[in-house]
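One structure is given below, encoded as structure tokens.
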């Protein structure tokens, strides 16, 4: 991640079934401490670690003694990519792409600002960002499910019956406002935002994507 005076390094642990980010940590260097803290967060939030497999690339952080020991202590099997092909870790690459293109700025003023924005972005992603590959559920919803999740197409304005469109849009909009506890004095701004979202949504640019971008910008 770009900072005004350098870089920061984001470590993520993602559940492949639900696509939920279960652990994250932003660090100032590329040492193993960032990935270790992200893994510890994931383990603390998900105490049931039975039959888990940890998949990663072959970065030195994931091969170091401390990281491998933490996995082994929790009886988690270790899997690694064979080469540098991003398709061997497609879910991780997809999550990284969503955070970078939809929820995070290109450059942050300082490390503390980046830390705050990462926490907000991960929360929005988990609670509000649906995925076609998990039956158009949000990651937090999918995380509570079991069994196969049927892949579906993107939700767009035109894919919803006309009689249901207004209700659906209002529900998504109120969900966005509630997520950040918008106070009364900001409602005029919220109304303008709503008009911009509904007028911009098309088949090629899903309304949920517009909402996910608007959430973050409105919050800031």
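In this note's numbering, the protein residues as written are 798 to 1017. Every residue, glycine too, gets a C-beta built ideally from N, C-alpha and C. Since this is a predicted model, take the numbers as computed values, not measurements.
- Taking the Cβ atoms as the reference, residue 873 lies roughly 11 Å from residue 853, outside the contact range of under 8 Å.
- DSSP places residue 928 in no alpha helix (DSSP H); its state is neither H nor E.
- Distance between residue 880 and residue 860, taken at the CA atoms: about 15 Å.
- With a cut-off of 8 Å on Cβ pairs, the stretch 925-934 is in contact with the stretch 806-819, counting three or more such pairs.
- Taking each of 894, 850, 868 in turn and checking the Cα distance to residue 798, the smallest one comes out for 894.
- Inclusion of residue 820 and residue 835 in the CB contact set at 8 Å is warranted, their separation being smaller than that value.
- Assignment of residue 921 by DSSP, reduced to helix, strand and coil, places it in the helix class.
- Residue pairing by DSSP places residue 824 opposite 806 in a beta bridge.
- By the Cβ neighbour-count rule, residue 839 is buried, with 16 or more other Cβ atoms within 10 Å of its own.
- Counting other Cβ atoms within 10 Å of its Cβ, residue 831 reaches 16 or more and is therefore classed as buried.
- Between residue 902 and residue 833, the alpha-carbon positions lie close to 25 Å from each other.
- Contact check for residue 875 against residue 888 fails: the beta carbons are separated by 8 Å or more.
- Distance from the CA atom of residue 898 to the CA atom of residue 947, rounded to whole angstroms, is 25 Å.
- For residue 834, the uninterrupted alpha helix (DSSP H) segment begins and ends at 830-842.
- Counting along the chain, residue 852 sits inside the beta strand (DSSP E) bounded by residues 850-853.
- A Cβ-Cβ separation of about 4 Å places residue 918 in contact with residue 900 under the 8 Å criterion.
- For residue 866, the uninterrupted alpha helix (DSSP H) run begins and ends at 862-870, by DSSP.
- Note on the stretch 879-912: whole alpha helix (DSSP H) runs with a minimum of 4 residues are 887-895, in chain order.
- By the criterion of a C-beta distance shorter than 6 Å, residue 936 is surrounded in its chain by 815, 816, 817, 923, once the five residues flanking it on both sides are discounted.
- Residue 816 sits in coil when the DSSP states are folded into three classes, being neither helix nor strand.
- With a cutoff of 8 Å on beta-carbon distance, residue 809 and residue 892 are scored as near each other.
- Inter-residue distance for residue 862 and residue 869 is about 10 Å (C-alpha atoms, whole angstroms).
- Under the DSSP assignment, residue 874 falls in the beta strand (DSSP E) whose first and last residues are 874-877.
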